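Last residue of the sequence shown: number 196 in the numbering used here, and the count goes up by one each step with no gaps.
Note that beta-carbon positions come from the ideal geometry of N, C-alpha and C, so glycine has one too.
For clarity, every value in this text was computed on a predicted model and none was experimentally measured.
Report on the structure given below.
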Amino acid sequence: MKKVTLLGLFVALIVFPLSSLLAYEGGAVSDGGTISGIVKFKGAAPAPKKLEVTKDKEVCAKSAKNDPGLVVSGGNLVNAVVSITDIKKGKKREPQKLTIDQNGGEYKPHVLAMTAGSSVDILNPDGILHNVHSYSKVNCPFNVAQPNFKKTINVKIDKPEIISLKCDVHGWMSSWPKEEVKVNFEMGKK
Numbered sequence: 007m008k009k010v011t012l013l014g015l016f017v018a019l020i021v022f023p024l025s026s027l028l029a030y031e032g033g034a035v036s037d038g039g040t041i042s043g044i045v046k047f048k049g050a051a052p053a054p055k056k057l058e059v060t061k062d063k064e065v066c067a068k069s070a071k072n073d074p075g076l077v078v079s080g081g082n083l084v085n086a087v088v089s090i091t092d093i094k095k096g097k098k099r100e101p102q103k104l105t106i107d108q109n110g111g112e113y114k115p116h117v118l119a120m121t122a123g124s125s126v127d128i129l130n131p132d133g134i135l136h137n138v139h140s141y142s143k144v145n146c147p148f149n150v151a152q153p154n155f156k157k158t159i160n161v162k163i164d165k166p167e168i169i170s171l172k173c174d175v176h177g178w179m180s181s182w183p184k185e186e187v188k189v190n191f192e193m194g195k196k
């Protein structure tokens, strides 16, 4: 039986069943399908938690900062990723080239889904020091200073895993790039 697992940022620390994902075999598919949907939030949405900007306020405090961990818009959960597990064979997964922007003291997008083997350019257009620190258990963790002259850091994420990114310079900055094994996915919009 196929299992659908809904992963929102608020449950992102749950251990992900990686053993079944690593055995995936990609190949030609003649009768493939598409699954799409919206993750609904039942009940009253919590008020957004305000984040305090404590450094580089001239760049990072241009807009109010709210904790993007649990965002509900129109009854829909934003930043949710749906994973289909226990699939052993299907369409070949092509690596992607994606971008995370550190603009205005925020990681954008806050949640990013990708296929295994993808590379991510982490941009710093702010003109200030950022530090990109990954909290990985399966992939090789990285902790890289990104001063104002180093506009791009490129990292490759080889294995399926939920990874947290933090900026050690700006404690309020976080992101959740989620490596997936499925080929096609769309991130929900507000």
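Hey, could you find the ends of the alpha helix (DSSP H) E64 is sitting in?
63-66
How many Å lie between L114 and G38 at the Cα?
Here residue 114 turns out to be Lys, not Leu, going by the sequence shown. Using only the alpha carbons, I get a separation of about 31 Å.
For the structure I just gave you, are there three or more beta carbon pairs, one from the region 124-131 and one from the region 147-159, closer than 8 Å?
yes
Could you compute how far the alpha carbon of K68 sits from the alpha carbon of G110?
The alpha-carbon of K68 is positioned some 7 Å away from that of G110.
Decide yes or no for the touch test of the region 163-177 against the region 55-68: beta carbon pairs closer than 8 Å, at least 3 of them.
yes
For a test of the three-state rule: what should DSSP assign to E112, helix, strand or coil?
coil
Short Cβ contact (8 Å threshold) for N145 with D127
No.
Collapsed DSSP secondary structure at C173 in the structure displayed:
Reduced to three states, the DSSP call for C173 is strand.
Would you list the one or two residues that DSSP bridges to L104?
V126
For I168, tell me which candidate among Q102, C66, V117, M179 has the shortest Cα-Cα distance.
Between I168 and the set Q102, C66, V117, M179, the nearest pair of CA atoms involves V117.
Output the residue ranges of the beta strand (DSSP E) runs that lie fully inside the region 39-87 and measure 3 residues or longer, sorted by chain position.
77-79, 82-84
What residue does the beta strand (DSSP E) around I163 start on, and which one ends it?
158-163
Do K103 and S125 have their CB atoms nearer than 8 Å?
With respect to S125, K103 sits close: the two C-beta atoms are nearer than 8 Å.
Out of N72, H136, A53, state which residue places its alpha-carbon closest to the alpha-carbon of Q108.
H136
What do you get for S42, buried or exposed, if any count of 16 or more other CB atoms within 10 angstroms of its CB means buried?
Label assigned to S42: exposed.
Exposure of S181, with buried meaning 16 or more beta-carbon neighbours within 10 Å
buried
Is DSSP giving L27 helix, strand or coil here?
Per-residue confidence for L27 stands at a pLDDT of 45, beneath the threshold of 50, marking its modelled position as unreliable; no derived number is given.
Buried versus exposed call for A31 [16 or more other C-beta atoms within 10 Å across all chains shown]:
A quick correction: the sequence has Glu, not Ala, at residue 31. Classification for E31: exposed.
Is DSSP giving S142 helix, strand or coil here?
coil
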